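Engineer:
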Amino acid sequence: MLYNQKNLIHDNKLEWKEVKMRDITIVGLTQNNLKHVSLSIPKEKITVFTGVSGSGKSSIVFDTIAAEAQRQMNASYPAYIRSRLPKYPKPSVEKIENLTASIVVDQSPLGSNARSTVGTISSLYASLRLLFSRIGTPYAGSASYFSFNDPNGMCKTCAGLGKVTKVDIEAIIDVNKSWREGCVNDSLYAPGTWYWRQYAESGLFDLDKPIKAYTAEEYHLLLYGTRSDDGEMVHPKVSGLVNKYTKTLLNRDISVKSRHSQEKSRQLIVEKECDDCHGKRLNAAALNCKINGYSIADLCEMELTQLKIVLTQIKDQRVDLLVQSLIEGLDRLIDIGLPYLHLNRETSTLSGGEAQRLKLVRYMGSSLSGMTYIFDEPSTGMHPRDVYRMNKLLKQLRDKGNTVLVVEHDKDVIAIADHVIDVGPKAGTQGGEIMFEGTYQELLNADTLTGQAMRQILPIKMKTRQPKGSLPIRDACLHNLKHVDADIPLGVMSVISGVAGSGKSTLISQVFAKQYADRCVLIDQGPIMATNRSTPASYLGFFDEIRKLLAKENNQPESLFSFNSAGACPVCGGKGVLVTELAFMDPIVTECEACEGKRYNQKALACTYKGMNIVELLNLTVLEAMAVFTDSKISRHLKQLQQVGLDYLSLGQPLSTLSGGERQRLKLAKNLSKKGSIIIMDEPTTGLHLSDIEKLLKLFDTIVARGNTLIVIEHNLDVMKQADWLIDIGPDGGKNGGEVVFTGTPLMMIQKASTLTAQCLRLSCGLDSVNI
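Sequential numbering from 597 applies to the sequence shown in the numbering used here.
#1: I need the boundaries of the alpha helix (DSSP H) containing Gly948, first residue and last residue.
#2: What's the gap between the Cα of Leu907 and the Cα of Ile923?
#3: Taking 8 Å as the cut-off, decide whether the C-beta atoms of Glu1279 and Glu1258 are in contact.
#4: Since Glu1029 sits in a beta bridge, which residues does DSSP pair it with?
#5: Is DSSP giving Trp1321 helix, strand or coil here?
#6: Taking the Cβ atom as the reference point for each residue, do Gln1152 and Cys1203 lie within a distance shorter than 8 Å?
#7: Output the boundary residues of the beta strand (DSSP E) element that contains Val866.
#8: Inspect the beta-carbon positions of Asn628 and Thr1253 and report whether they are closer than 8 Å.
#9: Using the rule of at least 16 other Cβ atoms within 10 Å of the residue's Cβ for burial, across every protein chain shown, is His1079 buried or exposed?
#10: Taking just the CA atoms, how far does Gly1283 sit from Gln1260?
#11: Taking Cβ to Cβ, would you say Arg1195 is nearer than 8 Å to Phe1159?
#12: Can you tell me which of Leu1352, Gln1347, Ala675 puts its alpha carbon nearest to the alpha carbon of Val983?
#13: May I ask you to report which of helix, strand or coil DSSP gives Met978?
#14: Should the stretch 622 to 636 be called in touch with the stretch 675 to 694, which here means at least 3 C-beta pairs below 8 Å?
#15: Go through its chain and collect everything with a Cβ distance to Val644's Cβ below 7 Å, but skip five positions before and after it.
#16: Measuring straight from C-alpha to C-alpha, what distance separates Asn1379 and Leu819?
#17: Less than 8 Å between the beta carbons of Ile970 and Ser740, yes or no?
#18: Contact defined as beta carbons within less than 8 Å: I believe Ala1265 pairs with Leu1118. What is the distance between those atoms, to the nearest angstrom?
#19: Just to confirm, is the Cβ distance from Lys955 to Gly732 under 8 Å?
#20: Considering Met1345, what are the terminal residues of the alpha helix (DSSP H) in which it resides?
#21: In this structure, does DSSP put Phe1139 in helix, strand or coil?
#22: How many whole angstroms separate the CB atoms of Val714 and Arg941, which I take to be in contact at a CB cut-off of 8 Å?
#23: What's the gap between the Cα of Ala675 and the Cα of Cys1168?
#24: Quick check: is any heavy atom of the ligand NAP less than 7 Å from the C-beta of Arg1051?
#25: Near Thr1131, what residues of its chain come up, given a Cβ to Cβ distance below 8 Å and the 5 sequence neighbours on each side ignored?
#26: Going along the chain, which residues of its own chain have a beta-carbon closer than 7 Å to the beta-carbon of Leu895, five neighbours each way excluded?
#27: Please name the residue or residues paired with Leu878 in a DSSP beta bridge.
#28: Is the separation between the beta-carbon of Tyr1036 and that of Lys1331 shorter than 8 Å?
#29: Using CA atoms only, rank isn't needed, just tell me which of Thr646, Lys1144, Val1000, His874 is closest to Glu1033.
#30: Could you name the residues of the same chain whose beta carbon sits closer than 7 Å to that of Lys1348, not counting the 5 residues immediately before and after it, in chain order?
#31: Pick from Lys808, Val1308, Asp1314: whose alpha carbon is nearest that of Ile1289?
#32: Let me know the secondary structure DSSP gives His1015 once reduced to three states.
#33: Thinking C-alpha only, which one of Leu1237, Lys1100, Arg776 is nearest Arg793?
#34: Among the residues of its own chain, which have a CB less than 6 Å from the CB of Gly1099, if the five just before and after it don't count?
#35: I need the straight-line Cα distance from Val852 to Arg711, nearest angstrom please.
#36: Identify, in the order they occur along the chain, each residue of the same chain with its Cβ nearer than 6 Å to the Cβ of Cys873, setting aside the five sequence neighbours on each side.
Given below as structure tokens:
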């Protein structure tokens, strides 16, 4: 029996208890920086958690709700199964009730190996394989015979990759030179070297004859050597350049190659389409099996809208349900704005926004209800137009009877919340409290950082800087770019906008950054690899300087002040904890009694600098450390952390405890010290609270004021408003993108442009309403 809380008679204890059972209840939560908080989260609603980066949102949602739901679910399995499942520590909480099974959609990147495609990630390719195994003619076998990841179906030549790597002969040999002139473009074969002498002294080649003048027989000998009739090498010292490089560059594990060999591999190895399957990955039997004249490879190369049309033409009643399931899956991808993709598209080529939407769609076809779906900033990498589409999917999940929890900073996502929980007031030790619980409308009137930021409308930049020249991009045609010409202004802040998949990152991060590599510093979307041994001090590189100061002050080796070296506690090995493995039971993790979790041995702890030992120094916040360290190398890094709003972090805080937004700013702080007149940032607002974006914009102004050129690839409308110059790529994504659809100032865009970005920008300024 269900009740509406607003209509309850509160002295009826039975009814009140039944309603409260519908809430996820948390009491006395002290996980990470949370300060003994208690809260209730309504079920079958969309609850959005807001607050500055590092305030404690993720500690509630992921480290507590998700972790405990997974832990309790895993505990229901037999010990043998449990031992093979991920381990989730019990959160620091007094009581947590009414959890349901949870599904977590985090920000981790999609699998990006060469065998991961849109079809495999979305599971649509599995359904297609089943379809062909049932009604494809001539019959080729079961579903596995249509898999390019299975020996039964893959092309044997390329092992199902659709492409092969070969030695690039044109890059290796300069045909205009002779051996004496150095015809091989490799320092190992420079005239006079050991490798050069093997050929020069063989008596087989005219050392003064250019390679282009070789006969066919001489050229073949140069490339492949020669063999006798019984297969033995006639000239064992001349194995042929192709054979030699194939052995040293292709047939060797990259992990055992030297840095020089890895660099040489990139220069001398080329990837080409497989000659046997012509990039289709499958063997002849699978490719010859067809439905209505189409092979499975033909269908996988079609855009999703075209594929849907072809599938609707299949009238075989035996597969009606299977075809309908395929069409429903395609509809979900089309509805979220990915109609231009094809199932054979490698996931490594997807933009951040495309990958994020693909992850979301994976769960939309689920028939499960009563679940808790947890999303970590699902709007990451999405254009405002696509955020609107994603919101529809979140509502659909809720309407199927699921609880939807979202950690988010985007105004448009917060606006669809049934319930909002704002965490703060600030970050780190200054956060960890529940500042607000209520509806979205009530949040707009709340006196919190989020409430204030939601009410604020940043104005369009009216007075823009004048560029000091420009750098050209001409005829850019990589990926979906359609022979694009563009001019990047110098000495100003330019924002590159456009929907996900339109070609923004391709144009700037790949084409432009490669063309002007000697002048560019690229800060991309790549995640920081965080472990419990990496800290802000070690990541920015000034931990060594702190160790040097301690070593000099105490006349000790620097290694004594590293918990990864001589300074490590002998009992726990510098981990601070002891892990006891219990076979099929969960391991027991306890604080090391010898060092009390400090990681260092007694000799290291006895040494001090300005009255503090290494542990006490690492426990200082950035702000406190600025008063302690006057060394220019250390203070410069501390100032950079302060500039990006991370002055509350402690120097030795494990990076694994930082939020996504904090890691993004930490990466930005590291790159501020790099010298380069052109700085490229790919979506720097990822994971940042609305109030942090204001600080970021001030930092952008500082960067440009120093005489740098700043290029920002961004979806955030507030960043666009403060640009000096906008370059909008579109008009849409995929094959419908790849063109420059607008260039000009922000004011010019809202006045004249008719692009998707212009419509959203006008809407954010309250100038007009538009149907996105």
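For every residue, glycine included, the Cβ atom is placed at its ideal position computed from N, Cα and C.
All of these numbers come straight from a predicted model, not from anything done at the bench.
Structural biologist: Quick answer:
#1: Looking up residue 948 in the sequence shown gives position 352. Counted as a single uninterrupted DSSP element, the alpha helix (DSSP H) harbouring Gly948 occupies residues 948 to 960.
#2: As a first step, residue 907 must be located in the sequence shown, where it is residue number 311. As a first step, residue 923 must be located in the sequence shown, where it is residue number 327. When only Cα atoms are considered, Leu907 and Ile923 end up about 7 Å apart.
#3: Position 683 of the sequence shown, counting from 1, holds the residue named residue 1279. Position 662 of the sequence shown, counting from 1, holds the residue named residue 1258. If you check the CB distance, Glu1279 and Glu1258 do not come in under 8 Å.
#4: Residue 1029 sits at position 433 when you count from the first residue of the sequence shown. Residue pairing by DSSP puts Glu1029 in a beta bridge opposite Gly1020.
#5: Start at 1 with the first residue of the sequence shown, and residue 1321 comes out as number 725. It is a strand residue.
#6: Mapped onto the sequence shown, residue 1152 falls at position 556. Mapped onto the sequence shown, residue 1203 falls at position 607. Between Gln1152 and Cys1203, the gap from beta carbon to beta carbon is short of 8 Å.
#7: Reading the sequence shown from its first residue, position 270 is the one you call residue 866. For Val866, the enclosing beta strand (DSSP E) starts and ends at 865 to 869.
#8: Sequence index remark: in the sequence shown, residue 628 carries index 32 (1-based). Sequence index remark: in the sequence shown, residue 1253 carries index 657 (1-based). It is a contact, given that the beta carbons lie within the stated cut-off.
#9: Position 483 of the sequence shown holds residue 1079. The residue is exposed, with fewer than 16 neighbouring Cβ atoms inside 10 Å.
#10: The residue labelled residue 1260 in the question sits at position 664 within the sequence shown. The residue labelled residue 1283 in the question sits at position 687 within the sequence shown. Rounded to the nearest angstrom, the two C-alpha atoms are 7 Å apart.
#11: Along the sequence shown, read from residue 1 onward, the residue named residue 1195 stands at position 599. Along the sequence shown, read from residue 1 onward, the residue named residue 1159 stands at position 563. Yes; because the gap between Cβ atoms is below 8 Å, this pair is in contact.
#12: The residue given as residue 983 occupies position 387 in the sequence shown. Comparing Cα-Cα distances from Val983 to each of Leu1352, Gln1347, Ala675, the minimum goes to Leu1352.
#13: Locating residue 978 in the sequence shown gives position 382, counting from the first residue. Coil.
#14: Yes, since at least three Cβ pairs between the stretch 622 to 636 and the stretch 675 to 694 fall closer than 8 Å, the two stretches touch.
#15: On the sequence shown, position 48 is the one that residue 644 refers to. If we look at Val644 and ignore the five residues flanking it on each side, its Cβ neighbours are Val1002, Glu1004, Val1009, Ile1010, Ala1013, Val1016.
#16: Shown here, the chain extends from 597 to 1368; a query on residue 1379 therefore has no answer.
#17: Against the sequence shown, residue 970 aligns to sequence position 374. Against the sequence shown, residue 740 aligns to sequence position 144. With a cutoff of 8 Å on beta-carbon distance, Ile970 and Ser740 are scored as not near each other.
#18: Stepping through the sequence shown from its first residue, residue 1265 is reached at position 669. Stepping through the sequence shown from its first residue, residue 1118 is reached at position 522. Here Ala1265 is actually not in contact with Leu1118; their C-beta atoms are around 16 Å apart, not less than 8 Å.
#19: Here residue 955 corresponds to residue number 359 of the sequence shown, with the count starting at 1. Here residue 732 corresponds to residue number 136 of the sequence shown, with the count starting at 1. No; because the gap between Cβ atoms is not below 8 Å, this pair is not in contact.
#20: For this step, residue 1345 is matched to residue 749 along the sequence shown. Looking at the DSSP string, the run of the alpha helix (DSSP H) that includes Met1345 is 1342 to 1348.
#21: Reading the sequence shown from its first residue, position 543 is the one you call residue 1139. It is helical.
#22: To locate residue 714, count along the sequence shown from 1; it is residue 118. To locate residue 941, count along the sequence shown from 1; it is residue 345. Yes, Val714 and Arg941 are in contact; Cβ-Cβ is about 5 Å, under 8 Å.
#23: Here residue 675 refers to the residue found at position 79 when the sequence shown is read from its first residue. Here residue 1168 refers to the residue found at position 572 when the sequence shown is read from its first residue. Between Ala675 and Cys1168, the C-alpha separation is close to 27 Å.
#24: As presented, the structure is devoid of all ligands, the ligand NAP included, so that no description of it is given.
#25: Counting from 1 along the sequence shown, the entry for residue 1131 is found at position 535. When the five nearest sequence neighbours on each side are left out, the beta carbons in the same chain lying within less than 8 Å of the beta carbon of Thr1131 are those of Phe1139, Leu1214, Leu1247, Gly1248, Gln1249, Pro1250, Leu1251, in order along the chain.
#26: Translated into positions along the sequence shown, residue 895 becomes position 299. The residues are Leu724, Leu903, Val906.
#27: Walking along the sequence shown from the start, residue 878 turns up at place 282. Beta-bridge partners of Leu878 (DSSP): Met750.
#28: Locating residue 1036 in the sequence shown gives position 440, where the first residue counts as 1. Locating residue 1331 in the sequence shown gives position 735, where the first residue counts as 1. Not a contact, by the Cβ cut-off of 8 Å.
#29: Your numbering for residue 1033 matches position 437 in the sequence shown. For Glu1033, the closest C-alpha among the options Thr646, Lys1144, Val1000, His874 is that of Thr646.
#30: Your numbering for residue 1348 matches position 752 in the sequence shown. So no residue of the chain qualifies.
#31: Counted from its first residue, the sequence shown places residue 1289 at position 693. Nearest option by C-alpha distance: Asp1314.
#32: Taking the first residue of the sequence shown as 1, we reach residue 1015 at position 419. Here DSSP, grouped into helix, strand and coil, assigns His1015 to strand.
#33: To locate residue 793, count along the sequence shown from 1; it is residue 197. Closest by alpha carbon: Arg776.
#34: If you number the sequence shown from 1, residue 1099 lands on position 503. For Gly1099, where only same-chain residues beyond five positions count, the Cβ hits under 6 Å are Asn1076, Leu1077, Ile1325, Gly1333, Gly1334.
#35: Position 256 of the sequence shown, counted from the first residue, corresponds to residue 852. Position 115 of the sequence shown, counted from the first residue, corresponds to residue 711. The pLDDT assigned to Val852 is 42, lower than 50, so where the model puts this residue is not dependable; a value taken from the coordinates is nonetheless given after this. Rounded to the nearest angstrom, the two C-alpha atoms are 23 Å apart.
#36: Start at 1 with the first residue of the sequence shown, and residue 873 comes out as number 277. Excluding residues within five positions, the ones whose Cβ falls inside 6 Å are Cys751.
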